[in-house]
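Asks:
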Amino acid sequence: MIAIQRLLNGHLARDNGSRQLAVDGKMSTELLEAITSFQIAGDIAAIRPGRVEPGSPTLWMLNQRPDAFGYERRRMRLKMSLTMTEPQQSIEVFVFDAIMSSPGSQFGHAAIDIDGTTYSRAHTKYAKLGRDDYITSNLTRVKRDVVSLTLRVTRQEKAIIKAELDKRVAAQAPYDIAVNSCSTNVADVLEKVGILAHDPRFQLMPSSTKLVTPKELLIVLSRSDRLIKRTNYSKSK
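Put into structure tokens, the structure is as follows:
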């Protein structure tokens, strides 16, 4: 090894700044022979004449193209992750406790909020309401406890949900406890973007064809991998 280092030093002194170790003179030939002897003595495959070859599997691997190590794939994944990085999008699902005296509310109530606009399928109409006023009214005037479930969605999923809700508000289809109730509407629009919103053990068909109660909606979404946070609001005493 000392002999190799001495020959390398001599080569650099003779050819300062050169990055080549080609066989172009006595010094380079001696260097190649010294490296060959060193490799043979260490039971390492000898180099081929004319080029200093990596003499170990590790060095050989380091001499490969980057894509041999998966760098290209990793770079593509990194590019994709950077491309997909955007401010986190979310929607809110509200589940309210029951009011025995209110038609259609004996099983509770559910609504969905997108960027401060709450869509609520009431017994009389499908309404769009301001989020804060709607929640405050239920807590203080109607005296209802409210659970808020914040769900993670993509920008595209949010747009699909909003468009579907706006379409339903415009249609104002008659209330139906089995297929057009507050919670069934919420479950239906969520499942249009692949968010499970009903108990699959008892329903083989999409939620839009069968009743989904607010309680069922609360249980399923509370266990969803889309859930960001759950907030409990208590009614005023």
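All residue numbers in the sequence shown are consecutive under the working numbering, ending with 247. C-beta: ideal position from N, C-alpha, C; glycine also.
Report the residue from Arg236, Arg240, Arg154 and Gln99 whose alpha carbon sits nearest the alpha carbon of Asp125.
Replies: Nearest option by C-alpha distance: Gln99.
Asks: Assuming Thr194 contacts Leu221 (C-beta within less than 8 Å), just tell me the rounded distance between them.
Replies: Confirmed, Cβ separation roughly 6 Å.
Asks: Give me, in chain order, the residues of the same chain whose beta-carbon lies closer than 7 Å to that of Gln182; leave out the 5 immediate sequence neighbours on both sides.
Replies: These residues qualify, in order along the chain: Lys135 and Tyr136.
Asks: Could you tell me the distance, in whole angstroms, from the CA atom of His208 to the CA atom of Lys168?
Replies: Spanning the two alpha carbons is a distance of roughly 19 Å.
Asks: Can you tell me whether DSSP reads Ala169 as helix, strand or coil?
Replies: Ala169: helix per DSSP, three-state reduction.
Asks: Comparing C-alpha positions only, which one of Glu102, Cys192, Pro97 and Ser234 sits nearest to Arg165?
Replies: Of the listed residues, the one whose Cα sits closest to Arg165 is Pro97.
Asks: Just to confirm, are Asp123 and Ile101 a CB contact at a threshold of 8 Å?
Replies: It is a contact, given that the beta carbons lie within the stated cut-off.
Asks: Whole angstroms is fine: what's the gap from Ser246's alpha carbon to Asp155's?
Replies: Each residue's Cα considered, the two are about 9 Å apart.
Asks: Would you kindly report the start and end of the unbroken alpha helix (DSSP H) that includes Asn148?
Replies: Residues Arg141 to Thr150.
Asks: In chain order, what residues of the same chain have a beta carbon less than 6 Å from the beta carbon of Thr127, not counting five sequence neighbours either side?
Replies: Closer than 6 Å at the Cβ level, and outside the excluded window around Thr127, lie Lys138.
Asks: In three-state terms, what does DSSP make of Leu228?
Replies: Note: Leu228 maps to helix in three-state DSSP.
Asks: Give the secondary structure of Arg162 by DSSP, where H, G and I count as helix, E and B as strand, and everything else as coil.
Replies: Strand, per DSSP.
Asks: Whole angstroms are fine: how far does the CA of Arg141 sit from the CA of Gly204?
Replies: So the alpha carbons of these two residues sit roughly 25 Å apart.
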